[in-house]
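Numbering (this note's numbering), first residue to last: 245 to 695.
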């Protein structure tokens with residue numbers, strides 16, 4: 245993929261658009277979904293079915309400046325211990341509502357820094373999760389690991405609890421860049437953690453790396469990617485750093501004058517992309533890469549790739565339940581989000597209630613548009629037959645949606661009798677093309693750069 249001047253003419257370097265990890269996106273959630281509706285959606289889960297579970301730990305020892313996630317710093321273990329007790333109580337409430345025989349296809353601990361938990365807390369929390377629902381044979385238990393906040397005892401506890409996929413945050417290995425984003429983490433440390441993960445029989449390793457960071461250049465990102473490749477991760481997320489200091493105050497610590505331009509961001513992405521492809525990785529959607537034998541690569545080849553709040557996934561479950569402060573759940577009926585503040589969340593759980601405070605109930609064309617956007621983000625193509633077979637719509641309506649979306653993108657979008665397709669040269673525009681199917685007012689939220 246090379247730089248195409250038409251990308252600039254179509255506004256790629258000026259646009260700010262959603263990442264579309266959900267549709268509608270979280271800024272459009274409202275107060276119309278509360279704890280009672282959330283509980284009813286849980287009880288409607290079919291017996292003996294599979295769901296996925298996301299468990300959010302919002303605490304960090306130090307707050308990395310680049311991060312825009314909902315996190316809070318702590319130097320004491322006391323709030324972490326209290327929070328785990330809240331999670332266990334929340335899991336007990338969930339168990340009361342969940343129908344019989346439900347199993348977990350995926351379990352993910354994210355944050356924040358889940359590896360802040362002591363070995364005893366890891367063990368007790370895992371026991372509480374599996375008391376609600378066991379992991380299905382072949383299911384995945386993944387944990388986000390900060391190499392600066394892990395040791396042998398905690399790795400032992402995670403492996404013993406059943407962790408079979410680990411995700412390590414890399415961001416960049418260049419010392420100047422690390423210092424400018426508040427995340428100093430040496431290559432030697434990261435390599436030692438990766439080796440420790442594999443030594444414990446954990447089958448799969450994910451890694452996150454960022455492009456678009458301050459002081460980042462083509463040679464610098466190439467060096468970081470080459471270092472990352474020596475760790476041979478099974479799956480890599482190559483995320484574009486979202487510089488949104490108006491949303492995340494800590495990002496104000498990052499020198500804005502050292503940020504690459506949008507055109508430079510595209511170049512950084514392409515440098516990293518070429519290195520991953522050269523090393524044999526399969527390109528997954530707009531920002532992931534996977535070894536051909538990895539489950540995500542197999543899912544893409546089979547047309548089964550999905551998108552959720554963690555990015556791309558091969559999880560087949562139609563239900564994702566989020567546990568913890570600010571966690572979001574997805575059901576066939578809509579989305580539900582827990583109270584964002586840990587104190588508000590804990591207060592509701594202590595009262596024996598879910599802390600659901602906002603969400604979205606699907607109405608109108610929500611599910612149709614959601615599937616179109618997901619198909620574009622995953623496969624760069626939308627099948628007309630799939631839409632007509634799976635949704636309450638008509639050929640005329642599908643044609644109208646396709647034509648309206650394609651109108652502003654010239655040959656960067658092709659409409660055939662079978663599908664709407666984004667050719668390879670148009671793929672940097674994917675989020676912008678997806679936005680053409682978004683019926684909600686994107687001006688309500690200040691999204692990140694389109695590239």
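Each residue gets a CB set at the ideal place from its N, CA and C atoms; glycine is no exception.
Neighbourhood of residue i by C-beta distance below 7 Å, restricted to the same chain and skipping five residues each side
i           : result
residue 596 : 337
residue 441 : 399, 410 and 449
residue 537 : none
residue 307 : 315, 317 and 494
residue 642 : 628, 631 and 632
Beta-carbon proximity list for residue i, same chain, < 6 Å, skipping 5 on both sides
i           : result
residue 651 : none
residue 339 : 376
residue 370 : 405
residue 665 : 625 and 658
residue 334 : 567 and 593
residue 292 : 345
Whether residue i touches residue j by CB criterion (9 Å)
i           : j           : result
residue 417 : residue 468 : yes
residue 412 : residue 458 : no
residue 712 : residue 465 : A question about residue 712 goes unanswered here, because the residues of the chain that appear run from 245 up to 695.
residue 365 : residue 394 : no
residue 546 : residue 621 : no
residue 532 : residue 481 : yes
residue 373 : residue 575 : no
residue 561 : residue 294 : yes
residue 448 : residue 400 : no
residue 615 : residue 262 : no
residue 613 : residue 645 : yes
residue 589 : residue 275 : no
residue 357 : residue 402 : no
residue 432 : residue 692 : no
residue 505 : residue 257 : yes
residue 238 : residue 420 : In the structure displayed, the chain extends from 245 to 695; residue 238 sits before or after that span and is not available.
residue 549 : residue 528 : yes
Selection from the options that minimises the alpha carbon distance to residue i
i           : options               : result
residue 683 : 489, 290, 491 and 608 : 608
residue 250 : 655, 442, 293 and 525 : 655
residue 296 : 548, 385 and 267      : 385
residue 568 : 592, 577 and 653      : 592
residue 463 : 445, 519, 500 and 443 : 519
residue 455 : 563, 530 and 640      : 530
residue 341 : 598, 647 and 658      : 598
residue 551 : 453, 623 and 252      : 623
residue 606 : 619, 580, 445 and 585 : 580
residue 305 : 578, 603 and 391      : 391
Per-residue DSSP class, three states only, for residue i
i           : result
residue 484 : strand
residue 351 : strand
residue 457 : coil
residue 429 : coil
residue 581 : strand
residue 388 : strand
residue 498 : coil
residue 592 : helix
residue 635 : coil
residue 358 : helix
residue 449 : strand
residue 565 : strand
residue 380 : strand
residue 444 : coil
residue 510 : helix
residue 278 : coil
residue 394 : coil
residue 654 : helix
residue 264 : coil
Residue i - containing beta strand (DSSP E), residue span
i           : result
residue 556 : 555-557
residue 423 : Unbroken run through residue 423 is the alpha helix (DSSP H), 419-425; no beta strand (DSSP E).
residue 550 : 550-552
residue 310 : Neither: residue 310 is in no beta strand (DSSP E) and is coded neither H nor E.
residue 626 : 625-627
residue 597 : Careful: residue 597 lies outside any beta strand (DSSP E) and carries neither H nor E.
residue 528 : 526-528
residue 574 : 572-575
residue 695 : Residue 695 -> no beta strand (DSSP E), and no H or E assigned at all.
residue 663 : 663-665
Start-to-end residues for the alpha helix (DSSP H) that takes in residue i
i           : result
residue 539 : 539-545
residue 415 : Per DSSP, residue 415 belongs to no alpha helix (DSSP H); it is in the beta strand (DSSP E), 409-415.
residue 291 : Unbroken run through residue 291: none, as it is neither H nor E.
residue 532 : Premise fails: residue 532 lies in the beta strand (DSSP E), 532-534, not in any alpha helix (DSSP H).
residue 335 : 322-341
residue 465 : 462-473
residue 674 : 674-679
Contacts around residue i, its chain only, beta-carbon distance under 8 Å, and the 5 residues preceding and following it disregarded
i           : result
residue 617 : 264, 267, 678, 681 and 682
residue 662 : 627, 628 and 629
residue 245 : Confidence at residue 245 is low in this model, with a pLDDT of 49, below 50, so the placement of that residue is unreliable and no value is reported for it.
residue 380 : 294, 347, 348 and 349
residue 524 : 535 and 536
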